[in-house]
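One structure below.
Chains as they are written, first to last, in the numbering used here: chain A, 956 to 1051; chain B, -14 to 231.
See below:
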């Protein structure tokens, strides 16, 4: 019995970490004639599919990846978001 | 002859220069391929500059998980001497072998130019041949060289003598953090290089290997390469274990 789970990991610079990309984007706002927008922070989003027995197990894998590989916890925060889950077995029987 | 290993990742581009500088310092320089699970019995390891694995995701992070880095981590835990230059510094930081992280340069630009740095300590395996307080001219070439650690970590580094190099003015004064000329990447407290807690692993952003011969415009970096090779030779003759690493 297993299922697949689609996740997004959203990685953003931690509060207080200088984000020159965010500042550059903010600097461009004026060129678009946009006002009233502030605190722009640029991060990255990683989407991945995990096969596991249940969502708890799958989430455990993603959270490990999020902390060890996808983000650097010294400077970035990572938020795990479940996008979709698909069960590959319909019965409650143990898989072979 | 002392053997020094220079790790070659896909995307390393200062490996040849580093091998050459190590040979100039009188050691045998060997390449260590990133897939190698062992270090070939070397007395010291240098992680060279470049763009390992294209710097994808974050500079240094993919390289950090390569087989050779497991061997480097074991080597370091047993007191082995490891020096990371530029991208090699980023790899060491991602691996947690030196404290802190390297962020995007403050002004977003890739910086390829000359800087001045001063060694804060001359009693380490990386700096024993340097003159304390004398500014050295070295090139930098990086997009992510802004040294970052939280305030508590920075205070610990200062207190414990783990700040190895600082960006400096032409007069050899430590640069102010906001000095865009002398500290161009915006490194916190103008830190250009750090040491781990046990003093056997160091990383720096400037390139000593690119300033190791008169023809390159500066020989100031050669003192770092020579110090490292000399310390490795001494350890090869009489191995020292630090930290009791099991």
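For glycine and all other residues, C-beta sits at the position ideal for the given N, C-alpha and C.
None of these values were measured; they are calculated from a predicted model.
- Residue 72/B sits in a helix when the DSSP states are folded into three classes.
- Excluding residues up to 5 positions away in sequence, 90, 125, 126, 127, 128, 130, 169, 170 lie with their Cβ nearer than 8 Å to the Cβ of residue 96/B in the same chain.
- Beta bridge pairing from DSSP links residue 965/A with 1000/A, 1034/A.
- Residue 50/B has a beta carbon lying within less than 9 Å of a beta carbon in chain A.
- Leaving aside the five residues that flank residue 965/A on each side, the residues in its chain whose CB is nearer than 6 Å to its CB run, in chain order, 1000, 1034.
- The three-state secondary structure of residue 209/B, taken from DSSP, is helix.
- Interface residue (Cβ-Cβ distance to chain A less than 9 Å): residue 42/B is classified as such.
- Residue nearest to residue 18/B within the set 52/B, -1/B, 59/B, 74/B is 52/B (criterion: CA-CA distance).
- For residue 86/B, the neighbours in chain A by C-beta distance under 7 Å run, in chain order, 1027, 1029, 1030.
- The alpha carbon of residue 80/B has as its nearest neighbour, out of 14/B, -7/B, 48/B, the alpha carbon of 48/B.
- Of all alpha-carbon atoms in 29/B, 59/B, 8/B, the one lying nearest the alpha-carbon of residue 22/B is that of 59/B.
- Here residue 179/B is near residue 84/B, since their CB atoms are less than 9 Å apart.
- The contact set of residue 970/A on chain B, defined by CB atoms closer than 8 Å, is empty, because the minimum CB distance reaches about 12 Å.
- Taking the Cα positions, residue 2/B is about 11 Å away from residue 14/B.
- At the C-beta level, residue 215/B and residue 192/B stay beyond 9 Å of one another.
- Beta bridge pairing from DSSP links residue 124/B with 99/B.
- Close to chain A, meaning a Cβ-Cβ distance shorter than 8 Å, are the following residues of the region 87 to 107 of chain B: 88, 89, 90, 91, 92, 93.
- Burial state of residue 209/B is buried, judged by a 10 Å Cβ sphere holding 16 or more other Cβ atoms.
- Residue-level contact by beta carbon fails for residue 963/A and chain B, as no gap is shorter than 9 Å.
- In the three-state reduction of the DSSP assignment, residue 60/B falls in the helix class.
- Taking the beta carbon of residue 36/B as reference, no residue of chain A falls within 9 Å; the closest one sits roughly 17 Å away.
- Boundaries cannot be given for residue 992/A, as no alpha helix (DSSP H) includes it and DSSP labels it neither H nor E.
- The straight-line gap separating the alpha-carbon atoms of residue 1009/A and residue 41/B is approximately 31 Å.
- A straight line joining the alpha-carbon of residue 76/B with that of residue 68/B spans about 11 Å.
- Residue 57/B and residue 30/B have their alpha carbons spaced roughly 8 Å apart.
- Taking 9 Å as the CB threshold, residue 71/B stays off the interface with chain A.
- Look at residue 1034/A: its C-beta is not under 9 Å from any C-beta on chain B.
- Judged by DSSP in its simplified three-state form, residue 54/B adopts helix.
- The beta carbon of residue 983/A sits no closer than 9 Å to any beta carbon of chain B.
- The three-state secondary structure of residue 47/B, taken from DSSP, is helix.
- Close CB contacts of residue -14/B within its chain, under the 7 Å cut and outside five residues either way in sequence, are with 12, 13 (chain order).
- Selection 200/B, 150/B, 6/B, 43/B evaluated against residue 113/B yields 150/B as nearest (Cα-Cα).
- Contact check for residue 74/B against residue 37/B fails: the beta carbons are separated by 9 Å or more.
- Close CB contacts of residue 1025/A within its chain, under the 7 Å cut and outside five residues either way in sequence, are with 964, 966, 1001, 1033 (chain order).
- Under the three-state reduction of DSSP output, residue 109/B falls in the coil class, being neither helix nor strand.
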